[in-house]
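Residue numbers (the numbering used here): -17 to 236.
All C-beta atoms, glycine included, are put in the ideal place defined by N, C-alpha and C.
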C-alpha cells in the first residue's frame, strides 16, 4: 500500500479532530440540527469528506457527531471514521467521546470518559480483540483536543484577540494558544464568507507534529462557522474546506 494512502487514513482522523467540537449554547446557528459538510484535501489532492452534525439533546448533553470517509484518489481504500463528543452544553465542557474507525482494514473502537470531580480521565481502546484501559490525571477545566479548537466558536472573536485553554491528551495537559490574525474573504463551495483568520498552536506529535501553526477561518458572524482549516504536518499539508451548511433548529440526521 503506498505510504500516501496509509497517511490518508490518519489525515481523515486528524481533520475530524480539528473540526468535531461544539460551540456555546444557543449562540448563532449552533443548536441540535446544525450540519456542516467539508471536503478534505491532502497534498493538494481530494482525499475525503467529513460531516459534523449536532444530534438530538439528552438533557444538557448534546452529541456532536463527526463522520469522515475516504474519497477522490483515496476511494480505492476503505477509510471510515465515526466520532462522537458528548458535550455538556451547560458546563461548556465535554463529558467524553467515542470513536469507531476502519482504517485500511484495521478496525478499532476508542472511548474516553471524564470525571472532573475526581480529576481523572479513563481511556479505553479495543483493537483486534484486545482491550486496553488507562486512567490519566485530568485538569477539571480541560477540553479534549477536538472540543478545544472549536471552543473558539464560543469566543467573541475580534482583531488581535488572544485565547488559551488547557487541553487533555494521554501524554499530559498542555495550554493551547490561539490568536486572531485578521479578516479575510474565503471562497468555498458553500459560498464566499467574510471570515476571521485564527492562528492556533497545537501539540500533535509524530507524523502529525505541526511543521507550522494551524490556521482556522471562522465566519465573521454570530454563527462563527468553520469555513476552512489549513495545517502542515510532518507527512504533508492538509486543507479542509466548507462544502455545505444547514443551521440548527431541525432534528439532526446521523
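Just to confirm, is the Cβ distance from residue i to residue j under 9 Å?
i           : j           : result
residue 143 : residue 129 : no
residue 91  : residue 83  : yes
residue 146 : residue 122 : no
residue 88  : residue 120 : no
residue 135 : residue 200 : yes
residue 79  : residue 67  : yes
residue 15  : residue 164 : no
residue 81  : residue 65  : yes
residue 152 : residue 116 : yes
May I have the straight-line CA-CA distance separating residue i from residue j, to the nearest angstrom?
i           : j           : result
residue 177 : residue 150 : 28 Å
residue 110 : residue 32  : 26 Å
residue 148 : residue 28  : 33 Å
residue 170 : residue 209 : 7 Å
residue 22  : residue 223 : 7 Å
residue 172 : residue 225 : 5 Å
residue 213 : residue 127 : 15 Å
residue 318 : residue 26  : Residue 318 cannot be examined here, being either before or after the span of the chain that is shown, -17 to 236.
residue 77  : residue 42  : 11 Å
residue 155 : residue 124 : 8 Å
residue 48  : residue 62  : 11 Å
residue 51  : residue 36  : 18 Å
residue 40  : residue 20  : 26 Å
If you reduce the DSSP assignment to three classes, tell me which class residue i lands in.
i           : result
residue 172 : coil
residue 237 : Outside the modelled stretch of the chain, which goes from -17 to 236, sits residue 237, for which no answer is possible.
residue 151 : coil
residue 51  : strand
residue 192 : For residue 192, the predicted structure reports a pLDDT of 49, less than 50, and the residue's modelled location is therefore unreliable. A value from the coordinates is still provided. Residue 192 falls in the strand class under three-state DSSP.
residue 135 : helix
residue 207 : coil
residue 32  : strand
residue 23  : strand
residue 45  : strand
residue 38  : coil
residue 164 : strand
residue 158 : strand
residue 229 : coil
Spatial neighbours of residue i within its chain, please: C-beta separation below 6 Å, excluding the five flanking residues on both sides.
i           : result
residue 18  : 34 and 227
residue 195 : 181 and 183
residue 107 : 92 and 114
residue 158 : 130, 147 and 149
residue 137 : 145
residue 221 : 23 and 212
residue 95  : 78 and 104
Just to confirm my understanding: we take residue i, look at its own chain, exclude 5 residues before and 5 after, and list those with CB closer than 8 Å. What are they?
i           : result
residue 174 : 167 and 168
residue 219 : 24, 25, 26, 212 and 213
residue 139 : 162, 178, 180, 200, 202 and 206
Closer than 8 Å to a non-hydrogen atom of the ligand SAH - does that hold for the CB of residue i?
i          : result
residue 26 : Among the components of this structure there are no ligands whatsoever, and the ligand SAH is therefore not found.
Those runs of the beta strand (DSSP E) which lie wholly inside the segment 63 to 107 and span at least 3 residues: 75 to 85 and 88 to 97
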